[in-house]
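According to the UniProt record's numbering, the sequence shown is numbered sequentially starting from 1. A quick write-up on the structure given underneath.
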Amino acid sequence: MEDLRTLSRTSVIDDLDHLMGLLACVKRMGWNRAFEDGVLYGQAKPDSSYPYAEPLHSHREALQDSKICMEILSKVRNQLGKKIRTLKRRCAPLVLEDGIRRLPDELLAHIFEIGHLSTRTCAYSLRASHVSSRFRQVAIRSRLLWTRLSAGYTNDQLQTFLSRAGNLPLDVILVKHPCDGCTFPSLVGPLSSRWASLTVTGFQHETMTSASETPTYPNLKYVSHYSAHDLGKWNTPLLSHYVGRGSTMPNNQQLSQITHLELHFHATYLDIRSLAFYQAKNLQNLSLSLTRCFSDHRSPLEIKDIPPPHSFNSKKLKLIIVEGKLQQLIQPLNRALLYLSPSEVDISLDKTTIGCLYTDSGEIFPCGSTIRLRISGSCDLLGILEGLVRRCDIVRSVHFDAPMGYVSAKKAETSNRGDFSSLRHLRLQNCDRLCGEDVKAMARNLFSDDADVGLQSLEIISCKNISEDYLLNLSDDVGERLKWSFDPIL
């Protein structure tokens, strides 16, 4: 047993000698020369099993020598990684505690306000004020944290929030089940001139409005409503962001001032005309979520009714389609929305066909500088990409999240590299059906011989059937433009 331990220690020492030899070579010869084929880092072990002729003998000797170094480097990396993770776990709470202690109250209050504005729930202010006595004092003095009022609060909580909020604009949340005995309407209703945002999840809104047929909310900028059947009657001169669920739409005056429009429809009939939004002259962000929706109009809009394609600049278009009726709804809708020219397009297709990416005239729909496509079904990635770059000459970045995506062998053979000259970045994420040869085919079709021309990065993110070894070997051929990660990116 003692002999085995001695032998093991001797082997480790020999391996470390190889590593020290490697480092000495790098120090003496530089990074490039130290890794040339014929450089050895340690004493080669004689191989008497079979005599090999040169240069095979020297290559095998150098290969074995390099493998020994790689093995000991892996051990060093694992041990250092374990040590670093342990130290990080021990340092994290101490660093946080030290950093908070150093923060001036004014900066801490600003951090609280950023955290408050990043959410739309009511819990943040209470949580921040319950951490410590210092946090509580800073939070209480930060009026913005207390401007979000929920019908789920008790009367005492509402009075406390209102007193701490001062005269700041209010964010009002009407929940489905208000607190028992709560007098929320009588406390918050008279303050409607201060409402900056209104979120309704089921509470009877009528109990909050005045007897006027045209309720006025002079400072209301944001509305999220499940069933605002009377929304068109409201006087909202500053409304700019509307989130709706169901068939309720803003009126034409409201549409003309809205910059952010987010609509969710579930198992309902839709009129394509109502989804064209041509009156929304200031619209910058449009998001439509359609789940099992339908329409009985094959051609609901005349050509003369539709503005020219890509004639209206905007920031973002987002479409989420689940089990959509292709010819009756989705493709006519795509044609109706062709007038938009968004910088960013985000489309998610679930349980529906790839035809949802096209209009009823057969043209591919998405067009923007950045295009993100999440597709649950089978799809030809290179074919879609080819259609995008041919139809949209401004596209610079395309992201695919497609577990069933594949690369057609025919497309890989016939694609013209010049067609992709406008593309700069391509990301393939969760494309579990792809293999290494598919990535090689895409790299061959997309990368120009001139590294400064055309595609600058091909990213492979969490694709299960593609090994890191394959990507390492491929990167030796195509260079640093090929990037990868096996950690999911949200």
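All residues carry an ideal CB built from backbone N, CA and C; glycine is no exception.
Exercise. Can you give me the Cβ contacts of Ala-451 inside the same chain, cut-off strictly under 8 Å, excluding the 5 residues immediately before and after it?
Key: Taking the first residue of the sequence shown as 1, we reach residue 451 at position 451. These residues qualify, in order along the chain: Gly-479 and Arg-481.
Sequence-distant residues of its chain with Cβ nearer than 7 Å to Gln-456 (five each side left out) | Sequence index remark: in the sequence shown, residue 456 carries index 456 (1-based). Arg-424, His-425 and Arg-481.
- Query: Would you say the region 353 to 367 touches the region 385 to 392, given that touching needs at least three Cβ pairs under 8 Å?
  - Reply: Cβ pair count under 8 Å is three or more, so yes.
**Report entry** Beta-carbon contacts of Glu-262 that lie in its chain and below 6 Å, excluding the five residues immediately before and after
**Finding:** Position 262 of the sequence shown holds residue 262. The residues are Val-243 and Ser-287.
- In whole angstroms, what separates the C-alpha of Lys-88 from that of Ile-466? Residue numbering aside, residue 88 sits at position 88 when the sequence shown is read from its first letter. Residue numbering aside, residue 466 sits at position 466 when the sequence shown is read from its first letter. Approximately 31 Å between the Cα atoms of the pair.
Original post:
Can the beta-carbon of Ala-196 be found less than 8 Å from the beta-carbon of Pro-169?
Top reply: Residue 196 sits at position 196 when you count from the first residue of the sequence shown. Residue 169 sits at position 169 when you count from the first residue of the sequence shown. In this structure, Pro-169 lies closer than 8 Å to Ala-196 by Cβ.
Notebook entry, point to check: With a Cβ-Cβ cutoff of 8 Å, do Leu-329 and Phe-294 count as a contact?
Noted result: As a position in the sequence shown, residue 329 is number 329, starting the count at 1. As a position in the sequence shown, residue 294 is number 294, starting the count at 1. A contact, by the Cβ cut-off of 8 Å.
On the DSSP letters alone, give me the boundaries of the beta strand (DSSP E) that His-310 sits inside. Taking the first residue of the sequence shown as position 1, residue 310 is located at position 310. His-310 -> no beta strand (DSSP E), and no H or E assigned at all.
TODO: Could you spell out the range, first to last residue, of the alpha helix (DSSP H) harbouring Ile-140?
DONE: The count along the sequence shown starts at 1 and reaches residue 140 at position 140. That run of the alpha helix (DSSP H) goes 133 to 141.
Shortest alpha-carbon distance to Asn-167 belongs to which of Thr-201, Ser-193 and Gln-137?
Counting from 1 along the sequence shown, the entry for residue 167 is found at position 167. If we check each option's Cα against that of Asn-167, Ser-193 comes out closest.
**Asked** For the putative contact between Leu-357 and Ile-384, defined by C-beta atoms under 8 Å, what is the C-beta separation to the nearest angstrom?
**Response** Position 357 of the sequence shown, counting from 1, holds the residue named residue 357. Position 384 of the sequence shown, counting from 1, holds the residue named residue 384. Leu-357 to Ile-384, Cβ: 7 Å. Contact.
Pro-342 - DSSP class collapsed to helix/strand/coil: To locate residue 342, count along the sequence shown from 1; it is residue 342. If DSSP states are grouped into helix, strand and coil, Pro-342 belongs with the strands.
### Task
Taking only the alpha-carbon atoms, compute the straight-line gap between His-266 and Gly-246 and give it to the nearest angstrom.
Locating residue 266 in the sequence shown gives position 266, where the first residue counts as 1. Locating residue 246 in the sequence shown gives position 246, where the first residue counts as 1. In a straight line, the C-alpha of His-266 is about 7 Å away from that of Gly-246.
Where residue 496 falls, given that 16 or more other Cβ within 10 Å makes a residue buried: No statement about residue 496 is possible, as the shown extent of the chain runs from 1 to 490 and does not include it.
Self-check item: In DSSP terms, what Phe-400 is bridged to
Solution: Along the sequence shown, read from residue 1 onward, the residue named residue 400 stands at position 400. Paired residues: Leu-373 and Leu-428.
Does any residue of chain C have a CB that is nearer than 8 Å to the CB of Ile-320? No chain C appears in the structure shown, which is made up of a single protein chain.
Grab me the residues of Ser-299's own chain with a C-beta within less than 6 Å of its C-beta, minus the 5 sequence neighbours each way, in chain order. Along the sequence shown, one-based indexing puts residue 299 at 299. Low local confidence applies: a pLDDT of 49 at Ser-299 is under 50, so the model's placement there is unreliable, with the coordinate-based value given in what follows. Excluding positions up to five away in sequence, the list is empty.
Check: Considering only residues of the same chain and omitting the five flanking positions on each side of His-57, which have a CB-CB separation below 6 Å?
Finding: Here the question's residue 57 lines up with position 57 in the sequence shown. Within the same chain, His-57 has no close Cβ partners at all.
**Message:** If contacts are defined as beta-carbon pairs under 8 Å, then Ser-341 and Ser-376 qualify, I think. What distance do you get, rounded to the angstrom?
**Reply:** By one-based count along the sequence shown, residue 341 stands at place 341. By one-based count along the sequence shown, residue 376 stands at place 376. Actually they do not touch by this definition, with Cβ atoms about 27 Å apart.
* To do: May I ask which residues mark the beginning and end of the beta strand (DSSP E) holding His-225?
  => Position 225 of the sequence shown, counted from the first residue, corresponds to residue 225. Start and end: 222 to 225.
Could you say if the region 133 to 144 and the region 104 to 116 meet the contact criterion of at least three C-beta pairs nearer than 8 Å?
-> Verdict: yes, contact present.
- Endpoints, the alpha helix (DSSP H) within which Glu-262 is located: Within the sequence shown, residue 262 is the residue found at index 262, counting from 1. That residue, Glu-262, is in no alpha helix (DSSP H); its beta strand (DSSP E) goes 260 to 266.
The beta strand (DSSP E) spanning Gly-244 covers which residue range?
-> Translated into the one-based positions of the sequence shown, residue 244 becomes position 244. Note, Gly-244: beta strand (DSSP E), 241 to 245.
Closest by CA to Lys-221, which one among Ile-258, Cys-122 and Leu-63? Residue numbering aside, residue 221 sits at position 221 when the sequence shown is read from its first letter. Closest by alpha carbon: Ile-258.
Per DSSP, Phe-486 forms a beta bridge with which residues?
Position 486 of the sequence shown holds residue 486. Paired residues: none, contrary to the question.
ask   = By the 10 Å Cβ neighbour count, where 16 or more other Cβ atoms means buried, how is Met-249 classified, buried or exposed?
value = For the purposes of this step, residue 249 is taken as the residue at position 249 of the sequence shown. Buried, because 16 or more other Cβ atoms sit within 10 Å of the Cβ of Met-249.
Could you say which of Thr-214, Met-20 and Tyr-226 lies nearest to Thr-236 if we only look at CA atoms? Counted from its first residue, the sequence shown places residue 236 at position 236. Comparing Cα-Cα distances from Thr-236 to each of Thr-214, Met-20 and Tyr-226, the minimum goes to Thr-214.
(message) Taking the alpha-carbon of Gly-324 as reference, which of Arg-85, Leu-290 and Asp-305 has the nearest alpha-carbon?
(response) In the sequence shown, the residue the question calls residue 324 occupies position 324. For the options Arg-85, Leu-290 and Asp-305, the alpha carbon positioned closest to that of Gly-324 is the one of Leu-290.
*Excluding sequence positions up to five away, which residues of its chain have a Cβ less than 7 Å from the Cβ of Leu-239?*
Within the sequence shown, the letter at position 239 stands for residue 239. Result list for Leu-239: Leu-220, Lys-221, Val-223, Gln-254, Gln-257 and Ile-258, in chain order.
For this session: Rank Ile-371, Glu-61 and Tyr-226 by C-alpha distance to the C-alpha of Asp-37 and give the top, closest one.
Result: Within the sequence shown, numbered from 1, the residue matching residue 37 stands at position 37. The option with the nearest alpha carbon to Asp-37 is Glu-61.
For Tyr-52, count neighbouring Cβ atoms within 10 angstroms of its own Cβ and tell me buried if that reaches 16, exposed if not. Counted from its first residue, the sequence shown places residue 52 at position 52. Tyr-52 should be labelled exposed.
So, Gly-405 versus Arg-427, is the Cβ gap smaller than 8 Å? As a position in the sequence shown, residue 405 is number 405, starting the count at 1. As a position in the sequence shown, residue 427 is number 427, starting the count at 1. Not in contact: Gly-405 and Arg-427 (Cβ atoms no closer than 8 Å).
(message) Here's the rule: buried if 16 or more other CB atoms are within 10 angstroms of the residue's CB, otherwise exposed. What is Ser-361?
(response) The count along the sequence shown starts at 1 and reaches residue 361 at position 361. It is exposed - the Cβ of Ser-361 has fewer than 16 other Cβ atoms within 10 Å.
| task | Using alpha carbons as the reference points, say which of Ala-412, Arg-396 and Tyr-226 lies closest to residue 493. | result | Beyond the ends of the chain as shown, which are 1 and 490, falls residue 493; an answer cannot be given.
Legend entry - Cut-off 6 Å between Cβ atoms - residues of its own chain near Lys-483, not counting five sequence neighbours on either side: By one-based count along the sequence shown, residue 483 stands at place 483. Beyond the five residues adjoining it in sequence on each side, Lys-483 comes within less than 6 Å, by CB distance, of Ser-457 and Glu-459 in the same chain, given in chain order.
Point to revise | Nonlocal neighbours in the same chain, by C-beta distance under 6 Å from Phe-420, ignoring five residues either side | key: The residue you call residue 420 lines up with position 420 of the sequence shown. Correct list, in chain order: Val-389 and Leu-446.
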